[in-house]
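**Q** Dumping the structure here so I can ask a few things about it.
There are 2 protein chains.
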Amino acid sequence: MHIAIFLFDGITALDAIGPYASLTRLPQVQIQFVGKQAGLVRAGDGFLGLQADAGIGDEPAADMLLIPGGAVDSVMEDAAVQDWIRRADRTSQWTTSVCSGSLILAAAGILAGRTAATHWARKRQLEELGVRYSPERVVIDGKYVTSAGVSAGIDMGLVLCEMIAGRAVAEAVQLSMQYDPQPPFDCGDPERSATPERLQILRSQLRI
Amino acid sequence: MHIAIFLFDGITALDAIGPYASLTRLPQVQIQFVGKQAGLVRAGDGFLGLQADAGIGDEPAADMLLIPGGAVDSVMEDAAVQDWIRRADRTSQWTTSVCSGSLILAAAGILAGRTAATHWARKRQLEELGVRYSPERVVIDGKYVTSAGVSAGIDMGLVLCEMIAGRAVAEAVQLSMQYDPQPPFDCGDPERSATPERLQILRSQLRI
Numbered sequence: 454m455h456i457a458i459f460l461f462d463g464i465t466a467l468d469a470i471g472p473y474a475s476l477t478r479l480p481q482v483q484i485q486f487v488g489k490q491a492g493l494v495r496a497g498d499g500f501l502g503l504q505a506d507a508g509i510g511d512e513p514a515a516d517m518l519l520i521p522g523g524a525v526d527s528v529m530e531d532a533a534v535q536d537w538i539r540r541a542d543r544t545s546q547w548t549t550s551v552c553s554g555s556l557i558l559a560a561a562g563i564l565a566g567r568t569a570a571t572h573w574a575r576k577r578q579l580e581e582l583g584v585r586y587s588p589e590r591v592v593i594d595g596k597y598v599t600s601a602g603v604s605a606g607i608d609m610g611l612v613l614c615e616m617i618a619g620r621a622v623a624e625a626v627q628l629s630m631q632y633d634p635q636p637p638f639d640c641g642d643p644e645r646s647a648t649p650e651r652l653q654i655l656r657s658q659l660r661i
Numbered sequence: 454m455h456i457a458i459f460l461f462d463g464i465t466a467l468d469a470i471g472p473y474a475s476l477t478r479l480p481q482v483q484i485q486f487v488g489k490q491a492g493l494v495r496a497g498d499g500f501l502g503l504q505a506d507a508g509i510g511d512e513p514a515a516d517m518l519l520i521p522g523g524a525v526d527s528v529m530e531d532a533a534v535q536d537w538i539r540r541a542d543r544t545s546q547w548t549t550s551v552c553s554g555s556l557i558l559a560a561a562g563i564l565a566g567r568t569a570a571t572h573w574a575r576k577r578q579l580e581e582l583g584v585r586y587s588p589e590r591v592v593i594d595g596k597y598v599t600s601a602g603v604s605a606g607i608d609m610g611l612v613l614c615e616m617i618a619g620r621a622v623a624e625a626v627q628l629s630m631q632y633d634p635q636p637p638f639d640c641g642d643p644e645r646s647a648t649p650e651r652l653q654i655l656r657s658q659l660r661i
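Protein chains in written order, with my numbering: chain A, 454 to 661; chain B, 454 to 661.
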């Protein structure tokens, strides 16, 4: 099982590292981080450099394509990257995304008429690209597996582990990661938690 | 608030990226990834390269030191890194770790007689270094904040966000990360989930 995870300048690092953290524990999995060119990319905050070991030209066909989100606008408009995604999708067994990564897939035209997840703040943008938005944390529509914002990629990773290696192995992966989440507050769900006060802080104070 | 996150060959990437993912959203925070030398390090699986923008010699005093885990043995025996950790700890406001990162702090002698968390499989090793093991997900003992295995660093990150910026801002960070975890299985807690069958799979089949 060969997995290609796309990296780009402006990426939200946890979108890539969340699902990678479980998938890499499967012995039958080989993961390659792929950029437009091989070399360093910087996360959107500028603080973190991640290495793309291959460029889209060098990348062999992947069984699973994983597209993270972040500052996706320039990726959505990059014809070379969009061509690569369409090409990789033609032969992939699964095509997946985290957060606003589904906008990149949608811009490439491969989610047309399908149902997908994205970051809650990107719902309208996904719908404008002809995709049915689902508020579910992980959405499976045919071979397309998409997840909600940022941290949802961790849950998606375990869903993919089960698809690849079965339930018992995926459960052992969860145990090895000690993934027994205990958030100190209960503010992760936009339906319940996106109060005007928090949205105001989010929009005016946070670096995102 | 200047945060130094240590990177090393053999690191478990999510240990570093989990807490970074929330801390980086705080506008008053500057994060620097620090290696023994500046340059690329590889995660323990070999698949991922992370860039250390500074070496331990170049690093200015940090308000918060964050030590991730992974294959920590060589770091625990590296006198130059251990000296740097002790030096950084002398002036830090908070010294923190994720997973087996607490073994690195313990090897440097700065957790002696304290209570700390670590990955569940590392409990005995932590105790042998003179530290009281706690099974809690996030442990606060004075200025030392330590967390359990791998994914626990995400919960710790939000605890640290509250310490730095207050509850309302930390809640907005959680919302922006859509951190409303929904693991597909309930196997992340070793007390409840470390059955002989899962331990057998974990030890004989997983790449960790």
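Beta carbons are placed, not taken as given, at the ideal position from N, Cα and C, and that holds for glycine.
In this text the structure is predicted, and so the values were computed from the model without any measurement.
1. Against Met-630(A), what residues of chain B qualify as contacts under a CB-to-CB distance less than 8 Å, listed in chain order?
2. Run through the DSSP bridge pairs and tell me what Phe-461(A) is partnered with.
3. In the DSSP output, which residue or residues are listed as bridge partners for Asp-516(B)?
4. Is the number of C-beta pairs between the stretch 512-522 of chain B and the stretch 532-552 of chain B that are closer than 8 Å three or more?
5. Taking the alpha helix (DSSP H) that Tyr-473(A) falls in, what are its first and last residues?
6. Determine whether the beta carbon atoms of Ser-555(A) and Ala-565(A) lie at a separation below 8 Å.
7. Can you find a heavy atom of the ligand COA that lies under 7 Å from the Cβ of Ala-565(B)?
8. Taking Ser-553(A) and Val-525(A) to be in contact with their CB atoms under 8 Å, please state how far apart those CB atoms are, rounded to whole angstroms.
9. Can you tell me where the alpha helix (DSSP H) with Asp-536(A) in it begins and where it stops?
10. So, using beta-carbon positions, are Ile-458(B) and Phe-486(B) closer together than 8 Å?
11. Listing by chain order, which chain B residues have their CB less than 7 Å from the CB of Ile-484(A)?
12. Check Gly-606(B) in the structure and name its three-state DSSP category.
13. Determine, using beta-carbon pairs with one atom in the stretch 603-611 of chain A and one in the stretch 475-485 of chain A, whether at least three such pairs fall under 8 Å.
14. Check each residue of the stretch 499-519 of chain B: if its Cβ is closer than 9 Å to any Cβ of chain A, include it; give the result in chain order.
15. Any Cβ of chain A within less than 8 Å of the Cβ of Pro-649(B)?
16. Please report the residue range of the beta strand (DSSP E) in which Ser-600(A) lies.
17. Just the chain A side, please: which residues come within less than 8 Å of His-572(B) by C-beta, in chain order?
18. For Tyr-586(B), which beta-bridge partners are listed by DSSP?
19. Determine the contact status of Leu-628(B) and Arg-651(A), defining contact as a CB-CB distance below 8 Å.
20. Given Ile-563(B), which residues of its chain have a CB within under 6 Å of its CB, disregarding the five upstream and five downstream residues?
21. So is Gly-522(A) buried or exposed if we call it buried at 16+ other beta carbons inside 10 Å?
22. Excluding the five sequence neighbours on either side, which residues of its own chain have a C-beta within less than 6 Å of the C-beta of Ile-538(A), listed in chain order?
23. If you follow the alpha helix (DSSP H) that Arg-577(A) is part of, which residue opens it and which one closes it?
24. Look up Gly-554(B) in the DSSP assignment and say whether it is helix, strand or coil.
25. Run down chain B in chain order and give the residues with a C-beta less than 9 Å from the C-beta of Glu-615(A).
26. Should Ser-553(A) be flagged as near chain B, meaning a C-beta pair shorter than 8 Å?
27. With 8 Å set as the bound, which would you pick, yes or no: does the beta-carbon of Leu-646(A) sit closer than that to a beta-carbon of chain B?
28. Answer with buried or exposed for Lys-596(B), where buried requires no fewer than 16 other C-beta atoms within 10 angstroms of its C-beta.
29. Where does Arg-651(B) fall in DSSP's three states?
30. How about Ala-623(B) and Phe-461(A): do their beta carbons lie closer than 8 Å?
31. Report all residues from its chain with a CB closer than 6 Å to the CB of Ala-507(A); omit the five preceding and five following residues, and keep chain order.
32. How would you list, in chain order, the residues of chain A whose beta-carbon sits under 7 Å from the beta-carbon of Val-584(B)?
**A** Here's the rundown:
1. Along the first sequence, read from residue 1 onward, the residue named residue 630(A) stands at position 177. Here the neighbours are Leu-467, Gly-602, Val-603, Ser-604 and Gly-641.
2. On the first sequence, position 8 is the one that residue 461(A) refers to. Bridge partners of Phe-461(A): none, in fact.
3. The residue labelled residue 516(B) in the question sits at position 63 within the second sequence. None, per the DSSP bridge assignment.
4. Short answer: they touch.
5. Numbered from its first residue, the first sequence carries residue 473(A) at position 20. Taken as a continuous stretch (DSSP letters only), the alpha helix (DSSP H) holding Tyr-473(A) covers 466-476.
6. What you label residue 555(A) is simply residue 102 of the first sequence in a count that begins at 1. What you label residue 565(A) is simply residue 112 of the first sequence in a count that begins at 1. Not a contact, by the Cβ cut-off of 8 Å.
7. As far as ligands go, the structure on display features none, and thus does not contain the ligand COA.
8. Sequence index remark: in the first sequence, residue 553(A) carries index 100 (1-based). Sequence index remark: in the first sequence, residue 525(A) carries index 72 (1-based). Rounded, the Cβ-Cβ distance is 5 Å, consistent with contact.
9. Numbered from its first residue, the first sequence carries residue 536(A) at position 83. Residue range 532-544 is occupied by the alpha helix (DSSP H) that includes Asp-536(A).
10. Here residue 458(B) refers to the residue found at position 5 when the second sequence is read from its first residue. Here residue 486(B) refers to the residue found at position 33 when the second sequence is read from its first residue. Yes; because the gap between Cβ atoms is below 8 Å, this pair is in contact.
11. Against the first sequence, residue 484(A) aligns to sequence position 31. Chain order gives the chain B residues near Ile-484(A) as Phe-500, where near means a beta carbon separation below 7 Å.
12. Translated into positions along the second sequence, residue 606(B) becomes position 153. In the structure shown, Gly-606(B) falls within a helical segment according to DSSP collapsed to helix, strand and coil.
13. Three or more Cβ pairs drawn from the stretch 603-611 of chain A and the stretch 475-485 of chain A lie within less than 8 Å of each other, which places the two stretches in contact.
14. Residues of the stretch 499-519 of chain B that bring their beta carbon within less than 9 Å of a beta carbon in chain A comprise Phe-500, Leu-501, Gly-502, Leu-503, Gln-504, Ala-505 and Asp-506, in sequence order.
15. Counted from its first residue, the second sequence places residue 649(B) at position 196. So, not an interface residue.
16. Taking the first sequence and counting its residues from 1, one reaches residue 600(A) at position 147. Unbroken beta strand (DSSP E) run through Ser-600(A): 597-600.
17. Looking up residue 572(B) in the second sequence gives position 119. Contact of His-572(B) with chain A by beta-carbon distance below 8 Å involves Gln-631.
18. Along the second sequence, one-based indexing puts residue 586(B) at 133. Per DSSP, Ala-569(B).
19. Residue numbering aside, residue 628(B) sits at position 175 when the second sequence is read from its first letter. Residue numbering aside, residue 651(A) sits at position 198 when the first sequence is read from its first letter. Closer than 8 Å, so yes.
20. For the purposes of this step, residue 563(B) is identified with residue 110 of the second sequence, where counting begins at 1. Same-chain partners within the cutoff: Asp-542.
21. Counting from 1 along the first sequence, the entry for residue 522(A) is found at position 69. With 16 or more other Cβ atoms within 10 Å, it is buried.
22. Taking the first residue of the first sequence as 1, we reach residue 538(A) at position 85. Counting only Cβ-Cβ distances below 6 Å, and skipping sequence neighbours, we find Ala-561.
23. For the purposes of this step, residue 577(A) is taken as residue 124 along the first sequence, with counting starting at 1. Unbroken alpha helix (DSSP H) run through Arg-577(A): 576-581.
24. Within the second sequence, the letter at position 101 stands for residue 554(B). Helix, per DSSP.
25. Within the first sequence, residue 615(A) is the residue found at index 162, counting from 1. Simply Pro-637 and Phe-638.
26. Here residue 553(A) refers to the residue found at position 100 of the first sequence. Not a single C-beta of chain B is nearer than 8 Å to the C-beta of Ser-553(A).
27. For this step, residue 646(A) is matched to residue 193 along the first sequence. For clarity, residue 646(A) is Ser in the given sequence; the question names Leu instead. Yes, because at least one Cβ of chain B sits closer than 8 Å to the Cβ of Ser-646(A).
28. Counted from its first residue, the second sequence places residue 596(B) at position 143. By the neighbour-count criterion, in which a residue is buried when 16 or more other Cβ atoms sit within 10 angstroms of its Cβ, Lys-596(B) is exposed.
29. Reading the second sequence from its first residue, position 198 is the one you call residue 651(B). Of the three classes helix, strand and coil, the one that applies to Arg-651(B) here is helix, per DSSP.
30. Your numbering for residue 623(B) matches position 170 in the second sequence. Your numbering for residue 461(A) matches position 8 in the first sequence. The answer is no: Cβ separation not under 8 Å.
31. On the first sequence, residue 507(A) is found 54 positions in, with the first residue counted as 1. Gln-485, Val-487 and Ala-491, listed in sequence order.
32. As a first step, residue 584(B) must be located in the second sequence, where it is residue number 131. Contact note: Val-584(B) does not reach chain A at a C-beta cutoff of 7 Å; the least C-beta distance is about 18 Å.
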